[in-house]
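Asks: Below: one structure in C-alpha cells.
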Amino acid sequence: MDVLDQLKDKYLGGVDAAADEAALEEIRLAALGKKGEISLKMRELGKMSPEEKQTFGKALNELKTQIDTALRVKKQALADAALELRLKDEWLDVTLPGRPRRSGTIHPVSQVTEEVIAIFADMGFSVGEGPQVEDDWHNFDALNIAPEHPARQEHDTFFMHRDASDDRPPHVLRTHTSPVQIRAMLEHGAPIRVIAPGRVYRMDMDMTHAPMFHQVEAMAIGKDISMANLKWVLEEFCKAFFEVDDVELRFRASHFPFTEPSAEVDIRCSWEGKQLKVGEGDSWMEILGSGMMHPKVLEAGGIDPKEWQGFAFGIGIDRLAMLKYGIPDLRAFFDSDLRWLKHYGFQPQDMPTIAGGLSR
Ligand code: DAH
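Take a look at the structure:
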C-alpha cells in the first residue's frame, strides 16, 4: 500500500502544482498513459494471487479514478482562470460615449437643389436630365439661337476641342439647362411638366458669377398654358422656397430667342453690411429668365405649336442659395474650404420636404 500512497502523493501533488494544460498533460501521460506508472501497475495485477488482486486492484482502480478526476477538475479550473483573466483584460465599458467622428456636410447647392425639386414635385413636375457636354444643336439651334445669333457669343461658351477630321457635330459645355427642354419634349411629348437641375458652364468670374454654376430649368406644356400660370407658379415657388407669405418679384420685359414674350424676374434684396437679405432693401437680384415657349422651340421638340403651348424658365440655383442662406460671395461655393463647408453646409438628416419644412 505504501507504493500506492507514494503514487497518490506524487500525482495528486503534481496536478495541484501544475501551472498550465501542458503540465497537466505530462502528468496524465506519466500516470495514466500507455506506459504510465498506474497503467504498468495494472498490468502487474495479472501476476498476483486472487486475494491480493482484490485488495490491491481495488485500491489501484480507486487511485486511477482519483487521478483522472483531479486532472479533469484542474483542467477546468485552469480554463476558468484563463477566461477570468481575459475578461478582466478585455473589459469594455459599453456605456462610454463614442469617439467623435468627423462628418461632412451637404453643400448648399445640393441642399437647395433638393429643396427646389421638392417644391416643384409638389406642383406635379418630374425631374429630367441631359448631358453636360452637349451638342450645339440642343444647346443653341433647337432653342432658336441661330449660328450668327449674338447670344451664341454672349453666352461665353466653352467649346470642346475638335480635330479637323472629326465628323461628329460640334459639342460645347452646356451654357444653360434649356437644352433639356428639347430632350424632354423629344422623349415624352406633350402635355408635360418637367424640371431639370444641373451644372452649366460659362467663361465668367466675379462675386456673383463662376465659370461653372447651377441652374434649374422648368417647362410646362399644355393646351391652354399661359403667362398667368407662369406668374402663379413662380410666386408659389418663391413663397415656398423662401418660406415667407409674400415675396416681392419684379417682372422685367426681356428677350430670349427661345421664348416670346420673355421676362426676367428679379427679387427684392439688401446687401447692407455685406449681409445679403431677401425681401427687404433697395436692391434687386436677377434670379431667373422666363417666357412663353417659342413655336420654333416646340417644333424642334417634335410638338405642334398650333395645338400646344407652354411656359419655361431657368433659375440660378447658386443665386437662390446665396439669397436664402445669406452667402455673399459665389466664388466661395467652389473653393472647397472646409471651414466654409462646415459653416454653410447641412446635415444629411436636414433633407427638405414640403411638409417637414425646407430648411434647418
Ligand atoms: N437659358 C437662360 C439662361 O441661361 C435662362 C432662361 C430664360 C431659361 C428663359 C428659360 C427661359 O427656360 O424661358 O440665361
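Residue numbers for the sequence shown follow this note's numbering, beginning at 13 and rising by one.
Even glycine gets a Cβ: it sits at the ideal position worked out from N, Cα and C.
These numbers come from a predicted model, not from an experiment.
Quick one: which unbroken alpha helix (DSSP H) runs of 4-plus residues sit fully inside the region 159-236? Chain order, please.
Replies: Runs of the alpha helix (DSSP H) inside the region 159-236: 162-166 and 191-200.
Asks: Note down, in chain order, each residue of its chain lying with its Cβ closer than 6 Å to the Cβ of Ile79, except the 5 sequence neighbours on either side.
Replies: Taken in chain order, the residues that qualify are Tyr23 and Ala43.
Asks: For Ser61, does the three-state DSSP call read helix, strand or coil?
Replies: Coil.
Asks: Buried or exposed for Thr169, please, with buried defined as at least 16 other CB atoms from any protein chain shown within 10 angstroms of its CB.
Replies: It is buried - the Cβ of Thr169 has at least 16 other Cβ atoms within 10 Å.
Asks: Quick one: give me the first and last residue of the beta strand (DSSP E) that Met135 is part of.
Replies: Met135 -> no beta strand (DSSP E), and no H or E assigned at all.
Asks: Hey, Gly301 and Gly326 are a contact pair by Cβ (cut 8 Å); roughly how many whole angstroms apart?
Replies: Indeed they touch by this definition, with Cβ atoms about 5 Å apart.
Asks: Exposed or buried, Asn73, counting other C-beta atoms within 10 Å across all chains shown (16 or more means buried)?
Replies: Exposed.
Asks: Exposed or buried, what is Ala265 when buried is set at 16 or more other beta-carbons lying within 10 Å of its beta-carbon?
Replies: Counting Cβ neighbours within 10 Å, Ala265 comes out exposed, since fewer than 16 surround it.
Asks: Is there a Cβ of chain C sitting closer than 7 Å to that of Gln123, yes or no?
Replies: Here there is only one protein chain, and chain C is not present.
Asks: Once you ignore the five residues that flank Arg40 on each side, which residues in its own chain have a CB closer than 6 Å to its CB?
Replies: Contacts found: Leu83.
Asks: Pairing CB atoms from the region 183-196 with CB atoms from the region 141-159, are three or more of them under 8 Å?
Replies: These segments touch.
Asks: Cutting at 8 Å between CB atoms, please list the residues of its own chain near Thr125, excluding the five before and the five after it.
Replies: Excluding residues within five positions, the ones whose Cβ falls inside 8 Å are Pro209, His226, Val228 and Ile329.
Asks: Do you know offhand how far Leu19's Cα is from Glu96's?
Replies: Answer to the nearest angstrom: the Cα atoms are 32 Å apart.
Asks: Would you tell me roughly how many angstroms separate the C-alpha atoms of Phe268 and Pro162, rounded to the nearest one?
Replies: One C-alpha to the other measures close to 11 Å.
Asks: Check Asp147 in the structure and name its three-state DSSP category.
Replies: Strand.
Asks: Out of Phe346, Lys86 and Met54, which has the shortest C-alpha to C-alpha gap to Ala34?
Replies: Nearest of Phe346, Lys86 and Met54 to Ala34, Cα basis: Lys86.
Asks: Measuring from the CB of Thr169, is there a heavy atom of ligand 1 at a distance below 6 Å?
Replies: No, the Cβ of Thr169 stays beyond 6 Å of every heavy atom of ligand 1.
Asks: Strictly by DSSP, which residues pair up with Thr107?
Replies: In DSSP, Thr107 forms no bridge with anything.
Asks: With a threshold of 6 Å, establish whether the CB of Leu132 neighbours any heavy atom of ligand 1.
Replies: First, the residue type needs correcting, since residue 132 is Phe and not Leu in the sequence shown. False, no ligand heavy atom lies under 6 Å from that Cβ.
Asks: Hey, would you say Ala230 sits closer than 7 Å to Gly322, going by beta carbons?
Replies: Against a cut-off of 7 Å, the Cβ pair of Gly322 and Ala230 comes out as no contact.
Asks: Suppose you measure from the CA of Gly25 to the CA of Lys65; what does that come to, to the nearest Å?
Replies: Between Gly25 and Lys65, the C-alpha separation is close to 26 Å.
Asks: Looking at Arg262 and Trp456, is the spacing between their C-beta atoms short of 7 Å?
Replies: This structure leaves residue 456 out entirely; the chain is present only between 13 and 372.
Asks: Please classify Pro120: is it buried, with 16 or more other beta-carbons within 10 angstroms of its beta-carbon, or exposed?
Replies: Under this definition Pro120 is a buried residue.
Asks: With H, G and I counted as helix, E and B as strand and the rest as coil, what does DSSP make of Ser122?
Replies: Ser122: helix per DSSP, three-state reduction.
Asks: Is it buried or exposed for Gln144, if we count other Cβ within 10 angstroms and need 16 for buried?
Replies: That one is exposed.
Asks: Excluding sequence positions up to five away, which residues of its chain have a Cβ less than 7 Å from the Cβ of Lys289?
Replies: So the qualifying residues of the chain are Cys281, Ser282 and Gly338.
Asks: Name the DSSP bridge partner or partners of Leu300?
Replies: DSSP, once it has assigned bridges, lists Val277 and Ile327 as partnering Leu300.
Asks: Rounded to a whole number of angstroms, what is the C-alpha to C-alpha distance between Gly48 and Glu38?
Replies: Looking at the two C-alpha atoms, the distance is approximately 10 Å.
Asks: On the CB-based measure, 16 or more other CB atoms within 10 Å of its CB, does Val27 come out buried or exposed?
Replies: Buried, because 16 or more other Cβ atoms sit within 10 Å of the Cβ of Val27.
Asks: Could you have a look at Lys87 and say whether DSSP puts it in helix, strand or coil?
Replies: Note: Lys87 maps to helix in three-state DSSP.
Asks: Taking the straight line between their C-alpha atoms, what separation do you get for Asn151 and Arg113?
Replies: Roughly 44 Å separates the two Cα atoms.
Asks: I'd like to confirm the pairing. Which residues does DSSP put opposite Ala312 in its beta bridges?
Replies: Bridge partners of Ala312: none, in fact.
Asks: Spatial neighbours of Arg164 within its chain, please: CB distance less than 7 Å, with the 5 preceding and 5 following residues excluded, ordered by chain position.
Replies: Around Arg164: Phe152 and Ile157.
Asks: Measuring straight from C-alpha to C-alpha, what distance separates His183 and Pro273?
Replies: Whole-angstrom Cα-Cα distance: 29 Å.
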